[in-house]
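>
Residue numbers (the numbering used here), protein chains in the order written: chain A, 130 to 304; chain B, 21 to 240.
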């Protein structure tokens, strides 16, 4: 029991054999499978991380493009508004001009017509007056009319000679 | 007293007969049993959807690896398989008394062999980690005066390992035999639980714990 003998050596050999057997049949496979699982999990985590990052990137891109589109639409809207306003202004101005032109044209026409009418009327009135005068002359006899006419002329002459005292001689020379 | 003796089972007819003792034969049985069980348990390991046996095995291994990693650190990782082997062997050897065998650890040849292997491993690890020069220099640290003590430690460490295991197992074995002689019925059960199971596992734990501690110190 307390003596050391060959069995010490046997024990050491046994231990080494047991170590090799355990390493081959127990520790190796179990550690291997645990390592494999660890690698698998790490792989999965890395993959998930990558996918997450990709999704984030895609979201960023999407947001960027959305932002761009919004800006673009805003820009288009502003341009369209400005153009529409310009067009509106132009049309209104044109319409105003046209209306003004039409108005002035109409006024000129009206003026011309009025003048025409006045002239016609004057002619008519003169005609009427002549007729009236003829009628009067015929009725009251020529002598009286001549007298009247002459008296009228004289009166007018005297006033005229009064007004043109300075060059009366010249006048007579001309005549 | 015949229970205390380690009987010689047979003799190898060499050098005038080498006696192969009971402890060696039981160790062979243990080796065979452990190998066969390993093959059975490891047969269908799966990376995904592990079975209950695999889960138990893996959690046991995870615990053992964490335990030894914590003691020996990064540099001692290569010695973990040996530690696992030794703790398995000592645990089974201490518990095999339950099956009616004589525990091999009751034979001092076995514990001495284990202790010699431990100290060889410790010194090997030290040489590997520091080189021969560094290993020799370590004997004079922290100062030259402690040189004899450090050299003495080369022998006291395995001796204490060997004797602790041997004494504990032998002591519990003797007490169990005495109790069995006095009251053969029922009474031995709680004592059996304590001396064979609890003490056996504690001694296995202590042995590998100390060995790992020495290795960790050597490779540090």
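For each residue, glycine too, the CB sits at the ideal point set by N, CA and C.
For residue 240(A) and residue 201(A), what's the separation of their Cα atoms in angstroms?
So the alpha carbons of these two residues sit roughly 58 angstroms apart.
> Near residue 146(B), which residues of its chain fall below 6 angstroms by C-beta distance, leaving aside the five closest residues on each side in sequence?
Cβ within range, chain order: 155, 238.
> Can you list, in chain order, the residues of its chain whose CB lies under 6 angstroms from that of residue 74(B), leaving out five sequence neighbours each side?
The residues are 65.
> With C-beta atoms as the reference, is residue 88(B) less than 7 angstroms away from residue 100(B)?
Contact: yes.
> Below 9 angstroms between beta carbons is the criterion; list the residues of the segment 182-212 of chain A that meet it against any residue of chain B, in chain order.
Within the segment 182-212 of chain A, no residue qualifies.
> Does residue 213(B) pass the burial test, meaning 16 or more other C-beta atoms within 10 Å, or should it be called exposed?
Exposed is the call here.
> Using DSSP's beta-bridge definition, name the partner residues of residue 28(B).
DSSP, once it has assigned bridges, lists 41(B) as partnering residue 28(B).
> Short of 7 angstroms Cβ to Cβ, which residues in the segment 132-156 of chain A face chain B?
Answer in chain order: 133, 134, 135, 136, 137, 139, 140, 141, 143, 144, 146, 147, 148, 150, 151, 152, 154, 155, 156.
> What residue from 160(B), 125(B), 197(B), 208(B) has the CA that sits closest to residue 183(B)'s CA?
The shortest Cα separation from residue 183(B) among 160(B), 125(B), 197(B), 208(B) belongs to 125(B).
> So does the segment 160-174 of chain A actually touch the segment 159-172 of chain B, counting three or more Cβ pairs closer than 8 angstroms?
No contact exists between the segment 160-174 of chain A and the segment 159-172 of chain B.
> Listing by chain order, which chain A residues have their CB less than 7 angstroms from the CB of residue 155(B)?
Going along chain A, no residue has its Cβ under 7 angstroms from residue 155(B), so there is no contact; the nearest lies around 22 angstroms.
> Within 8 angstroms, do at least three Cβ pairs link the segment 126-135 of chain B to the segment 49-62 of chain B?
The segment 49-62 of chain B vs the segment 126-135 of chain B: no contact.
> Got a sec: which bits of the segment 87-107 of chain B sit with their beta carbon under 9 angstroms from any beta carbon on chain A, in order along the chain?
For the segment 87-107 of chain B, which is checked against every Cβ of chain A, the residues closer than 9 angstroms are 100, 101, 102, 104, 105, 106.
> Can you tell me whether residue 163(B) is helix, strand or coil according to DSSP?
Note: residue 163(B) maps to coil in three-state DSSP.
> Can you have a look at residue 300(A) and say buried or exposed, based on whether 16 or more other CB atoms are within 10 angstroms of its CB?
In this prediction, residue 300(A) has a pLDDT of 49, which is less than 50 and means its spatial position is unreliable; what the coordinates show is noted afterwards. Under this definition residue 300(A) is an exposed residue.
> In whole angstroms, what is the alpha-carbon distance linking residue 77(B) and residue 104(B)?
Whole-angstrom Cα-Cα distance: 13 angstroms.
> Does any heavy atom of the ligand PLP sit closer than 6 angstroms to the C-beta of residue 68(B)?
Ligands displayed in this structure: none; no statement on the ligand PLP is therefore possible.
> Could you pull the start and end residues of the alpha helix (DSSP H) that residue 142(A) belongs to?
That run of the alpha helix (DSSP H) goes 135-151.
> Along the segment 45-65 of chain B, what residues have a CB closer than 8 angstroms to any CB found in chain A?
Correct list: 47, 48, 50, 51, 54, 55, 58, 59, 61, 62, 65.
> I'd like the span of the alpha helix (DSSP H) that includes residue 143(B), first residue to last.
128-158 is the extent of the alpha helix (DSSP H) around residue 143(B).
> Could you say if the segment 108-127 of chain B and the segment 216-224 of chain B meet the contact criterion of at least three C-beta pairs nearer than 8 angstroms?
Yes, they touch.
> Would you mind telling me which residues of chain B sit closer than 7 angstroms to residue 169(A), beta carbon to beta carbon, in chain order?
The answer, in chain order, is 67.
> Using a Cβ cut-off of 7 angstroms (strictly closer), state whether residue 41(B) contacts chain A.
So, interface residue.
> May I ask which residues mark the beginning and end of the alpha helix (DSSP H) holding residue 89(B)?
First-last of the alpha helix (DSSP H) with residue 89(B): 72-92.
> List, in chain order, every chain A residue whose beta-carbon is nearer than 9 angstroms to that of residue 197(B).
Within chain A, no residue comes near residue 197(B); the closest Cβ sits about 13 angstroms away, beyond 9 angstroms.
> Return the chain-ordered list of same chain residues with a C-beta closer than 7 angstroms to the C-beta of residue 304(A), the five sequence neighbours on each side being excluded.
Low confidence applies here, because residue 304(A) scores a pLDDT of 48, under 50, leaving its location unreliable; read the following figure in that light. Closer than 7 angstroms at the Cβ level, and outside the excluded window around residue 304(A), lies no residue.
> Put residue 198(B) into one of helix, strand or coil per three-state DSSP.
If DSSP states are grouped into helix, strand and coil, residue 198(B) belongs with the helices.
> Are there 16 or more other CB atoms within 10 angstroms of the CB of residue 191(A), so buried, or fewer, so exposed?
So residue 191(A) ends up on the exposed side.
> Are the C-beta atoms of residue 312(A) and some chain B residue less than 7 angstroms apart?
Shown here, chain A extends from 130 to 304; a query on residue 312(A) therefore has no answer.
> Can you find a C-beta in chain A that's less than 7 angstroms from the C-beta of residue 77(B)?
Closer than 7 angstroms to some Cβ of chain A, the Cβ of residue 77(B) qualifies, so yes.
> Please confirm if the segment 171-183 of chain B is in contact with the segment 174-193 of chain A, defined as three or more CB-CB distances below 8 angstroms between the two stretches.
Touching, no, given that fewer than three Cβ pairs across the two stretches are closer than 8 angstroms.
> So which residues of chain A does residue 212(B) contact, with C-beta pairs closer than 8 angstroms?
Residues of chain A passing the Cβ test: none, with the nearest at roughly 22 angstroms.
> Rounded to whole angstroms, what is the Cα-Cα separation between residue 266(A) and residue 245(A)?
Cα to Cα, residue 266(A) sits roughly 31 angstroms from residue 245(A).
> Give, in chain order, every unbroken run of the beta strand (DSSP E) that is at least 3 residues long and sits entirely within the segment 183-216 of chain A.
The segment 183-216 of chain A contains no whole beta strand (DSSP E) run of 3 or more residues.
> Between the C-alpha atoms of residue 30(B) and residue 42(B), what's the straight-line distance to the nearest angstrom?
The straight-line gap from Cα to Cα measures roughly 9 angstroms.
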